[in-house]
Every structure is written in structure tokens, then in C-alpha cells.
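J.: Quick one: structure below, then a few questions.
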Amino acid sequence: MAQPRLRMRLGDLLVAEGIISEDQLLLALGQQRQSGRKLGATLVDLGFIGEEQLLKFLAQQLNVPFFDLSKLSISPQAVQLIPEVHARRYRALAVNQQGDEVTVVMSDPADLAALDAIAGLISPRQLKLAVAREAQLLDYFDQLYRRTKEIESFAEQLQEEYRETSFDLGLAEAGASDSEATVVKLLRSLFEDAVQVRASDIHIEPDEKVLRIRQRIDGVLHENVLNEVRIAPALVLRLKLVAGLDIAEKRLPQDGRFNMKVRGHEIDVRISTMPVQHGESVVMRLLDQSAGLLRLEDTGMPDDLLARFRRQLHRPHGMIVVTGPTGSGKTTSLYAALSELNSPGVKIITVEDPVEYRLPRISQVQVNPKIDLTFSSVLRSTLRQDPDILLVGEMRDQETAEIGLRGAITGHLVLTTLHTNDAITSALRLMDMGAPGYMVASALRAIVAQRLVRRVCRDCAQPHDPEPGDWIWLDSLFGSSARQHTFVKGRGCQSCNFTGYQGRIGVYELLELDQSMMDALRRGDPEAFARSAREHPDYQPLVQVAFDYAGKGITSVDEVLRLAEVV
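Numbering (the working numbering), first residue to last: 6 to 572.
Structural data, given as C-alpha cells:
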């Protein structure tokens with residue numbers, strides 16, 4: 006390999022080109038001797054030159070290209086030419102292979118030792134060098150070096166270990182050492198892969214001939230199919246042991262939880278097992294405790310809606326309901342609200358099923374129906390604990406609803422959730438549960454309805470003209486104003502795993518009850534309540550908020566129409 010080499014030292018070159026001064030170079034060299042870091046990184050840290058400017062300068066001197074990885078079509082086969090441990094060590098990523106030539110992108114093209122090591126790894130192929138930013142390389146390592154092959158390899162190994170056995174795989178595994186058992190390594194790889202791609206759930210589903218492992222990423226399931234279906238009992242048993250569940254009970258659903266540390270993240274895992282036709286299905290919800298709670302400012306609420314919501318939160322009493330389907334972010338919004346209200350002068354008690362995040366200074370109670378520790382029984386006791394604020398995880402029945410409403414009427418701020426489609430139907434849902442209309446009108450102050458829509462990937466977003474059928478929907482929903490917007494859609498790239506989306510954002514509607522709405526509730530007139538709500542000047546429905554996001558290029562028309570069909 007003919008290695009590119011600098012004709013002069015980097016610092017002298019930068020001074021000669023007038024990019025930095027002689028004094029800056031001397032200061033950087035002194036700093037470098039103390040820290041032991043490379044000169045280029047030291048110059049960037051001191052602010053004498055930007056990282057991209059430095060890399061483009063090096064690329065020009067070495068006569069190699071500077072790449073923005075988000076604009077490249079990266080070959081998964083080429084990536085595997087450099088093992089992950091070496092890629093991270095040398096900050097090098099193989100992105101393409103043409104014949105015997107491999108294009109390798111590095112963050113430091115002047116590192117001759119790294120160049121020699123990479124050339125040896127891809128030998129006898131020839132190295133074609135390119136340059137990219139280190140931060141971008143690190144992001145792409147997480148995206149491209151998935152644990153899929155590792156998971157398949159452990160699954161094959163585990164299947165082979167028990168190929169000749171006729172006894173229960175799960176019971177055989179129970180006596181094995183955790184440090185040596187292949188099943189433990191397989192599960193560890195599974196969790197590491199899920200954390201790496203920011204999955205919220207892991208599904209383990211045995212089928213007749215295959216084992217399906219699915220991960221929910223940004224609200225959408227992504228499937229990996231393993232042929233080793235016979236390993237499913239071993240996986241389920243190990244998970245049951247860790248979660249403290251009954252390993253002998255395979256006929257009834259069970260729920261549990263456990264904690265683990267994965268890739269530097271403290272993960273709280275909520276596990277649910279259910280007997281299905283070909284074994285037991287397992288679903289695990291992953292809660293990243295190390296990520297910390299979101300602040301209200303970070304939930305995605307528009308500024309005007311956030312100000313109104315905050316005003317309701319700081320009222321001395323009344324009920325605030327957050328509504329939406331499972332997985333819409335209700336718990337995240339409520340915990341963000343609790344974090345803002347949490348202070349030494351306020352007594353806060355929560356009643357939850359389960360307790361998802363532990364909060365300091367807040368008394369959190371987890372219900373347990375097996376010992377009759379239900380929402381209603383706990384609520385009766387919490388009102389004698391001198392609380393200022395109550396959080397009720399979910400209004401599930403008439404008794405719970407009435408106790409919560411009474412608490413709101415008698416001087417407490419009550420936060421709770423309901424499973425309804427929008428804010429307007431939430432008040433009516435409380436009445437359907439049996440709560441008297443006068444009590445709902447007296448206690449209820451505000452309702453927040455929310456959904457999560459996927460963000461268009463910024464790296465591959467491009468202008469998009471909706472299909473003719475979509476325009477019919479848009480025209481019917483928003484009239485002629487829909488034609489005034491320019492929409493975008495992701496074409497799919499490595500950054501977004503070729504989905505066109507990366508991350509999610511909350512879509513909110515806030516309904517604050519006024520006198521006309523309260524009067525309608527007291528009369529038990531749902532039509533008048535809905536009409537008054539829609540006519541309120543501050544009320545903006547969910548689909549309108551989502552459409553505004555699409556008009557700003559945050560989400561796509563497809564996501565707006567998906568939400569509109571739900572509502």
C-alpha cells in the first residue's frame with residue numbers, strides 16, 4: 006500500500022497556510038505535551054480551528070476525499086471487513102468495496118500506525134483512504150455494527166448444544182453457570198443490540214418452525230427471524246429466573262421486572278410472559294433510568310400550549326387528565342410534570358401499576374391486586390397521608406374515578422391518565438364510568454391528549470408531493486390551506502436504518518374547561534359539551550397540530566394521515 010504522507014508536520018503546514026498563528030501553534034504544542042493528545046485534537050479543543058476545517062485541510066494535503074457519511078451509500082458487506090473493536094480503536098470505517106479496492110473512512114488520516122493496522126486487516130485488498138468527522142464515525146459505528154450476527158451465532162451454538170437432548174432445555178439451563186452459559190451471552194447481545202438502536206420493547210415470539218425476535222423502534226416493530234426455535238424455552242426460563250417469576254408455571258401469564266446495566270445504561274426491564282400456541286411469548290419494556298427524566302420543555306409541547314399547561318399544574322386543586330393510547334408518552338408527560346412540581350414544601354404521592362421511574366422525595370406506591378392493594382384501596386389511604394398532589398396511574402373503574410374526583414374537589418391537585426382517543430371524549434368517558442356529571446364538572450380542570458409521531462430523518466429528507474389519494478384526505482381535513490405547504494419525506498439511509506424516520510415527537514392538544522363546558526357536563530349533555538369544546542378559541546385538535554409539524558418538515562404527511570385515521 007502506498008500510504009499518503011504529509012510533506013511537512015501538521016502544525017507547520019497550518020501556520021504556512023495562515024490558518025493558525027505561530028503563537029497558537031506553540032500554545033497547542035505545550036498543551037499537547039501535558040495531555041498526550043494529538044496535535045489536531047488539541048487545536049480543535051483550544052478553538053483555534055474547527056474539526057471539519059482541519060479534516061478538509063488534511064484531505065486536501067493528502068489528496069484524499071472528505072466525506073459526509075450521511076450522503077454515502079454504505080455497503081454492509083464492506084463494513085464487516087473491519088471488526089468493530091478495530092474500527093472503534095482506529096476510528097476507521099470500511100464503506101465500500103470495488104473489486105480489490107476498499108474505501109476506508111478515517112477521522113485521522115495522518116495516523117500512520119492506524120493506517121498500517123487497517124491495511125493489514127483488509128489485506129490482500131488495497132486501501133483507498135477518505136476522511137470524515139470523528140463524531141459522525143462514532144454514530145455510524147452504533148448504527149452499523151449491530152448484534153444481529155452475534156445473536157444468530159449464539160442461537161446456533163445453543164441449538165447445537167441441545168440438539169441431541171430430549172429433556173427440557175429450560176430446566177437444563179437452570180443449573181448452568183451464568184458466566185459460561187450460551188443463553189446468557191445470547192440475551193446479553195440481544196439487550197445490547199436493543200439499547201444500541203434505542204428500542205423501547207423486545208418481543209420474543211416462538212412460532213411453529215422459527216423464533217421471532219422483534220424490537221419496537223420509534224413505535225414500529227422490526228423483526229429478526231431465527232431458525233433455532235428449540236432455544237425458546239431456555240431464553241424464557243433465564244428471563245423468568247432473573248425477574249423472580251415462577252419457572253414451573255407455564256399455563257398462566259406472569260409479570261415482573263429486573264434491572265441491568267447495558268453499554269453504560271441503567272436499564273429497568275418490565276417483563277410480561279403469556280402462554281401461546283407454540284410455547285411462551287415474552288415482551289420486555291426497556292426503561293433507560295440513566296437517561297434521566299425529561300423536562301416539560303423537552304417533551305415537544307408548543308410554547309403556547311406549554312404555558313397554559315403549566316398554569317394548570319400550579320393551581321392548588323382540581324384534576325388534570327392526560328389521555329392517549331398505550332405507548333403515546335402519557336407517563337413521560339406526567340413524570341415531567343411531577344419533576345417540575347417536586348419541591349420540599351409539597352407532599353406528592355403516586356399510585357401506579359407499575360412504578361416506572363423512581364423519583365426522590367415522592368412517595369410512590371405500586372398496586373398489587375393479589376393482596377387487594379388496588380387503585381381504589383390505596384387512594385382511600387393516601388387521602389389520609391396529607392398529600393398536596395396525587396398521581397393516579399390510570400382511572401380504571403367507577404370507584405377509582407370517584408375517589409380521585411373527590412380528592413380534586415377537597416383541595417388536592419390530582420394528575421391521572423385515561424385511554425381515550427382525544428381530549429373531548431375523556432370527560433365523557435369519566436361519566437360513562439359512572440362518575441356523576443356534577444362531580445366531573447366541579448373537579449376537572451384540563452385534559453391533555455397526546456400521540457407520538459415519527460420525525461423525518463434529517464440526513465435523507467427530501468421534498469415530497471403527496472399521492473392524489475392523500476391530497477383528497479388533506480383537502481377534506483384542512484381545506485385549501487393544505488396546498489400552501491411544502492412537505493418532506495425521508496428516502497431512507499444508514500442513519501435511520503432505511504426507514505426514512507429517526508426519533509419521535511409528541512403531538513398534543515389541550516382542552517381547558519370553561520363555564521359552558523361545565524354546565525353541559527352538569528346537565529349530562531355530551532353533544533353540547535363537544536360543541537363548546539370545539540368552539541373554544543384555544544382548542545386545536547391533534548390532527549391539526551400534526552399537520553403543522555408536517556408543514557414545517559418535522560414529520561411526514563403519512564404520519565399525519567395515520568394519526569387522522571386513529572382519531
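For glycine and all other residues, C-beta sits at the position ideal for the given N, C-alpha and C. Nothing here was measured: the structure is a model prediction, and the numbers come from that model.
1. Take VAL247 as the anchor and find which of ILE236, PRO258, MET265 has the nearest alpha-carbon.
2. With three or more beta-carbon pairs closer than 8 Å as the criterion, would you say the segment 377-394 touches the segment 425-442?
3. Have a look at GLN455 and VAL288 and give me their C-alpha separation to the nearest angstrom.
4. Please name the residue, chosen from LEU226, LEU244, VAL215, that lies closest to LYS190 on a Cα-to-Cα basis.
5. Looking at the structure shown, is ILE54 part of a helix, part of a strand, or coil, going by DSSP?
6. Could you tell me the boundaries of the alpha helix (DSSP H) in which PRO531 lies?
7. Is GLN507 near GLN148, with beta carbons less than 7 Å apart?
8. Considering just the uninterrupted stretch of the alpha helix (DSSP H) at LEU77, what are its terminal residues?
9. Just to confirm the assignment: which complete beta strand (DSSP E) runs, minimum length 3, are found wholly within the segment 182-211?
10. State the DSSP-derived secondary structure class of SER1, mapped to helix, strand or coil.
11. Give every residue of the same chain whose Cβ lies closer than 7 Å to the Cβ of ALA448, excluding the five residues on either side of it in the sequence, and list them in chain order.
12. For CYS37, count neighbouring C-beta atoms within 10 Å of its own C-beta (all shown protein chains included) and say buried if the count is 16 or more, exposed if not.
13. Near VAL548, what residues of its chain come up, given a Cβ to Cβ distance below 8 Å and the 5 sequence neighbours on each side ignored?
14. Considering only C-alpha positions, which residue in the set LEU143, VAL90, TYR150 is nearest to ILE123?
15. Check whether the Cβ atoms of ARG93 and VAL107 lie closer than 7 Å to each other.
16. What runs of the alpha helix (DSSP H), each 4 residues or longer, lie entirely inside the segment 460-496?
17. Determine the direct distance from the alpha carbon of PHE53 to that of GLN29, and round the result to whole angstroms.
18. Tell me which same chain residues have a C-beta within less than 8 Å of the C-beta of PHE534, skipping the five on either side of it?
19. In three-state DSSP terms, what is GLU594?
20. Does ILE376 come out as helix, strand or coil in the three-state DSSP assignment?
21. Sorted by chain position, which residues of the same chain lie with C-beta nearer than 6 Å to GLY175's C-beta, five sequence neighbours on each side aside?
22. Just confirm the distance between the C-beta atoms of ARG138 and GLU228, as a whole number of angstroms; I'd bet it's less than 8 Å.
23. With C-beta atoms as the reference, is ASP574 less than 7 Å away from GLN294?
24. Compute the Euclidean distance between the alpha carbons of VAL49 and LEU32, then round it to the nearest angstrom.
25. Would you kindly check if the distance between the Cβ of LEU143 and the Cβ of VAL109 is under 7 Å?
26. Report the option in GLN82, ASN101, THR47, PRO88 whose CA atom is closest to the CA atom of PHE72.
27. Exposed or buried, what is MET279 when buried is set at 16 or more other beta-carbons lying within 10 Å of its beta-carbon?
T.: Taking the structure as given:
1. MET265
2. no
3. 24 Å
4. LEU244
5. coil
6. 531-540
7. no
8. LEU77 -> no alpha helix (DSSP H), and no H or E assigned at all.
9. 206-211
10. Nothing in the structure corresponds to residue 1, since the chain is present only between 6 and 572.
11. GLY323, MET324, LEU410, ALA413, ILE414
12. Looking at the sequence shown, residue 37 is not Cys but Gln. Label assigned to GLN37: buried.
13. LEU482, VAL565, LEU568, ALA569, VAL572
14. VAL90
15. no
16. 473-483
17. 7 Å
18. ILE429, ALA432, LEU433, MET522, ALA525, LEU526
19. Nothing about residue 594 can be read from this structure; the chain reaches only from 6 to 572.
20. helix
21. Caution is warranted here: a pLDDT of 39 is assigned to GLY175, below 50, making its placement in the model unreliable, and the coordinate value is therefore given only provisionally. Hits under 6 Å: PRO238, ALA239, LEU242.
22. Incorrect: roughly 33 Å between the Cβ atoms, too far for contact.
23. With the chain covering 6 to 572 only, the question about residue 574 has no answer from this structure.
24. 13 Å
25. no
26. ASN101
27. exposed
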